[in-house]
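Protein chains in written order, with the working numbering: chain A, 104 to 725; chain B, 9 to 462.
Even glycine gets a Cβ: it sits at the ideal position worked out from N, Cα and C.
This one's a predicted model, so the numbers in the text were calculated from it and none came from an experiment.
First the structure, in the form of structure tokens, and then the observations on it.
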């Protein structure tokens with residue numbers, strides 16, 4: 104037994120300094136609560152142990168939403184961007200998604216400094232080995248060195264550290280990511296609290312030496328010419344400093360992998376953890392999609408001051424020498440030198456059905472979870488949850504209303520609702536298809552959806568909020584103007600229309616109706632629009648989207664309104680559903696476990712049928 | 009919160025081989041045990057689900073009312089999902105009523121119309137369209153209406169919509185994959201296939217909706233008025249259609265002064281038939297009232313049978329009448345074909361004409377098939393899926409509109425996220441049809457139809 108000593112008292116302790124931990128610590132500190140963030144290795148605050156990039160489909164939406172609420176991730180990404188691309192251009196504004204390559208080291212430095220500078224926030228390198236609630240009503244976090252920190256609330260943001268074990272071929276050992284220590288004893292301490300833990304796994308590809316790659320055999324992938332920042336507060340467009348490359352696997356790759364499949368810990372049955380369906384390893388892809396000729400590989404630089412290159416799409420847990428052999432079958436990588444070997448990592452996480460939508464653990468008041476601990480995968484998913492857990496822990500202490508975002512307000516709301524209502528059977532990755540309201544939850548309007556909330560929380564500055572109001576006013580005025588501007592047919596205008604493959608005008612036409620034509624856009628009509636004011640790019644984009652998609656947006660709004668009516672029917676808390684006659688036992692048990700807030704949430708629980716929902720409605724009407 | 013145990017005669021009243029009294033609820037088996045003694049001496053409460061016992065129904069003096077078989081169902085494996093006992097006794101109204109009365113004495117309460125079905129629905133044994141169809145069966149007034157409801161009960165609506173749903177879900181899934189994996193080299197979406205798929209869904213929704221009006225007529229009947237000037241034989245026609253002397257028939261013009269109403273089945277259709285006063289200029293105040301009412305009936309009727317005397321030429325009253333019914337759904341009935349024809353049929357060639365002799369009954373079948381034909385019910389095959397209420401029609405109609413909007417968006421060249429929004433709408437409407445998605449409309453319907461929550 105180590106000798107404990109009483110260290111400091113805090114309002115909130117955050118265990119973990121990854122993407123979830125950072126937001127979970129910053130938000131309460133900014134709300135004035137005395138906060139401490141523990142990390143096993145202070146050099147790796149905000150580490151990206153997998154891909155050196157932020158954003159992507161739906162994940163880019165999460166970053167923008169988090170930024171609108173007052174999170175840090177978007178600002179850090181903008182400050183350290185190496186290359187920026189808007190994905191899905193041409194597939195419609197609902198699914199435009201921002202993705203940026205990030206300088207990994209720079210990002211860590213930025214985040215480390217951000218938490219260090221933050222008022223009310225102490226940052227400590229320490230491994231928490233034990234937590235428990237004691238008679239003083241406080242949660243006590245005990246470090247490996249015996250320091251006892253007593254806190255009102257604790258946020259678990261343990262990532263892949265909790266009970267971490269790395270697998271490479273036949274070799275496996277206890278470890279955190281990137282050569283860090285694992286948090287093994289903490290896992291045992293949580294089990295004592297009867298927290299339902301389970302094993303998930305994830306994996307990462309090799310990092311290889313730039314000089315060993317033959318880039319002439321790879322395709323170049325450039326950044327966008329006209330870039331867009333993540334953060335609404337970033338006023339300068341990020342610069343593209345690097346290019347990425349694309350390569351492909353071939354039959355030889357497949358052959359090497361299939362010949363050595365029995366040496367994969369996954370196929371040999373060594374790993375019990377469930378891996379992410381949406382982010383499979385290369386051996387998984389080759390087995391599951393056997394008829395696919397080739398698989399894509401992206402070569403991404405890890406930073407400006409390093410020669411390490413990340414091989415996206417090539418994660419693996421095959422033995423080291425097999426990895427080298429199959430990487431070298433890929434054209435361009437014939438002589439590749441591996442600097443860090445690919446690995447799979449297995450870790451402990453909670454069944455998120457044990458969480459409230461506030462991310463507080465139902466059976467453990469004052470204890471919150473965020474990020475991979477809650478069963479999600481991805482930096483962005485983690486950061487979003489960290490923010491929500493941080494705000495809710497703070498609000499609990501301050502006696503304020505909890506922050507629960509609806510599915511119709513945001514991807515963040517959708518993410519958390521999915522986790523705590525439906526649960527997850529593999530690491531949960533955000534995707535646009537998870538949202539039923541894609542056309543409303545666009546990345547361009549994240550500020551309109553959430554900045555008022557962020558401002559209300561006190562996490563968005565007066566200055567930023569006023570800038571937002573100004574943007575909104577400009578947009579509304581311009582939409583009004585465009586709706587009331589008429590173009591008369593003219594030779595020049597009709598030439599443009601015909602060149603774009605749309606009917607020429609014979610009579611006058613509203614500018615808005617021209618913008619609605621799929622072949623035309625707001626920009627191309629500028630030469631004919633004499634009164635058009637000078638507007639920032641993001642305002643122009645919103646004007647265009649809102650006019651062009653007006654009918655579809657209102658169609659979706661009607662769907663939201665319908666849902667909200669069920670969402671507004673609240674269910675009693677602390678209620679025994681087995682006492683309602685007519686509910687099937689399975690449904691009653693699920694409802695007792697998940698304790699939904701309202702009928703809408705209840706209807707999304709798997710195992711609760713529409714007939715059960717009808718019974719609930721009838722019960723409520725009594 | 010325990011529900012009361014209910015009982016009712018589950019077989020149609022009337023003469024028959026057996027009658028079944030159904031008891032359902034937590035205490036169903038206890039209730040049955042009080043009034044049913046097995047010959048073997050085995051207690052009903054010792055029987056497992058799906059087990060039957062032969063015995064007698066006894067009154068409180070243990071006097072036998074009838075020999076019967078009691079069949080025990082244990083929750084949730086029963087029609088209602090509750091404990092159920094079905095007592096099969098001898099047929100005939102008297103015995104069945106006696107047994108039911110005894111069951112009620114033993115602690116059950118009389119089930120209200122559709123209450124077994126309501127419980128089955130609330131216990132998740134039936135989906136909404138099936139439950140609605142049972143309610144339809146209970147209130148069906150003709151064979152054809154019962155047949156439609158049986159179709160729905162068998163799940164035809166669910167099956168047909170399932171097919172459309174699967175197509176739409178397939179569309180939605182490819183749209184989602186397309187958006188979520190921008191960097192993967194998955195093949196681009198084939199817009200032609202997409203358009204084809206949406207076309208198919210559109211056609212199927214359209215067909216479903218087209219069955220509704222015909223279905224409604226079969227189910228609810230059609231308001232039909234017999235009109236014509238005095239003494240052309242309207243009341244004789246009425247009596248011919250209902251097969252009895254519903255209207256008083258004399259050779260005195262103006263015998264029918266008020267509207268005489270009755271319900272008759274003609275082929276597949278129920279006619280809510282109204283015999284009206286002969287329309288002509290009259291000074292008789294009482295008769296004038298009748299004439300006004302007749303005119304009102306013309307306005308409200310969905311089908312008119314306009315009767316003319318084929319033994320007389322068309323006069324001014326006839327021509328006025330023809331003018332007023334020109335835009336209505338109507339059949340011109342030329343009566344009195346037993347007499348020498350005088351009327352010039354060429355003056356009526358814009359109308360559908362049926363010649364009958366109401367007196368002798370000739371032309372009855374021709375008239376019936378004409379009525380079925382004009383109501384479009386003749387085209388319905390008994391195996392067609394038919395939507396049976398306004399709620400169902402509304403759901404399919406919303407699906408149709410949404411599919412149509414998706415098609416337009418695609419053809420116009422809008423981006424696929426806009427197409428996706430419309431497809432989602434269509435899916436939601438169809439899920440609502442079968443009750444797989446609960447919305448406020450579905451809830452309202454539940455409350456309205458099943459009088460729950462009391």
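For residue 258 of chain A, the beta-bridge partners assigned by DSSP are A:117, A:471. Taking CB atoms only, residue 196 of chain A has a neighbour in chain B less than 9 Å away. A buried status is given to residue 13 of chain B, since no fewer than 16 other beta-carbon atoms sit within 10 Å of its beta-carbon.
When C-beta distances to chain A are compared with 8 Å, the residues of the region 422 to 439 of chain B below that value are 422, 423, 424, 425, 426, 428, 429, 430, 432, 433, 436, in chain order. Assigned with DSSP and collapsed to three states, residue 404 of chain A falls in strand. In the three-state DSSP reduction, residue 398 of chain A falls in the coil class, being neither helix nor strand. In summary, the residues of the region 634 to 658 of chain A whose CB is separated from some CB of chain B by less than 9 Å are 651, 652, 654, 655, 656, 658, in the order they occur in the chain. A contact is defined here as three or more CB-CB pairs under 8 Å, and the region 563 to 574 of chain A fails this definition with respect to the region 602 to 621 of chain A. Secondary structure of residue 591 of chain A (DSSP, three-state): coil. The Cβ atoms of residue 46 of chain B and residue 63 of chain B lie closer than 9 Å to each other.
For the region 532 to 547 of chain A, the set of residues with a beta-carbon nearer than 8 Å to any beta-carbon of chain B comprises 534, 535, 536, 539, 541, 542, in chain order. Per the DSSP secondary-structure output, residue 45 of chain B pairs in a beta bridge with B:64. In summary, residue 603 of chain A is exposed, with fewer than 16 beta-carbon neighbours lying within 10 Å of its beta-carbon over all protein chains present. As DSSP reads the structure, residue 279 of chain A sits in no beta bridge. Taken through DSSP and simplified to helix, strand or coil, residue 319 of chain A comes out as helix. For residue 107 of chain B, there is no enclosing beta strand (DSSP E); the enclosing alpha helix (DSSP H) has its first and last residue at 101 to 113. If the five residues before and after residue 81 of chain B are omitted, its C-beta is found closer than 8 Å to the C-beta atoms of 57, 58, 87, 91, 92, 93, 94, all from its own chain and listed in chain order.
Taking 9 Å as the CB threshold, residue 714 of chain A lines the interface with chain B. Below the 8 Å Cβ cutoff, chain A contributes 194 as neighbours of residue 186 of chain B, in chain order.
Chain-order list of chain A residues neighbouring residue 129 of chain B: 714, 717, by C-beta distance under 9 Å. Interface flag for residue 422 of chain A against chain B is unset, since no Cβ pair is found closer than 9 Å. Assigned with DSSP and collapsed to three states, residue 225 of chain A falls in strand. For residue 342 of chain B, the beta-bridge partners assigned by DSSP are B:316, B:363. By the neighbour-count criterion, in which a residue is buried when 16 or more other Cβ atoms sit within 10 angstroms of its Cβ, residue 455 of chain A is buried. By the Cβ test, the region 289 to 305 of chain A is in contact with the region 443 to 455 of chain A, since at least three Cβ pairs between them sit closer than 8 Å. Sequence-distant partners of residue 471 of chain A (beyond 5 residues in either direction) whose C-beta falls short of 6 Å from its own C-beta, in its chain, are 258, 462, 463, 492, 496. The alpha-carbon separation between residue 128 of chain A and residue 414 of chain B amounts to approximately 46 Å. Contacts with chain A at 9 Å (Cβ-Cβ) include residue 189 of chain B.
One alpha carbon belongs to residue 312 of chain A, the other to residue 402 of chain A, and they sit about 11 Å apart. Taken through DSSP and simplified to helix, strand or coil, residue 430 of chain B comes out as helix.
For residue 49 of chain B, none of the residues of chain A pass the 9 Å Cβ criterion, the least Cβ distance being about 33 Å.
The beta-carbon distance between residue 168 of chain A and residue 667 of chain A, rounded to whole angstroms, is 19 Å. This is too long to meet the 8 Å contact definition.
Using a Cβ distance threshold of 9 Å, residue 190 of chain A and residue 149 of chain A do not count as a contacting pair. In the three-state reduction of the DSSP assignment, residue 303 of chain A falls in the strand class, which pools E and B. Looking only at A:628, A:275, A:143, the smallest Cα-Cα distance to residue 119 of chain A is reached by A:143. Fully enclosed beta strand (DSSP E) runs of no fewer than 3 residues occupy 230 to 235 of the region 213 to 251 of chain B, in order along the chain.
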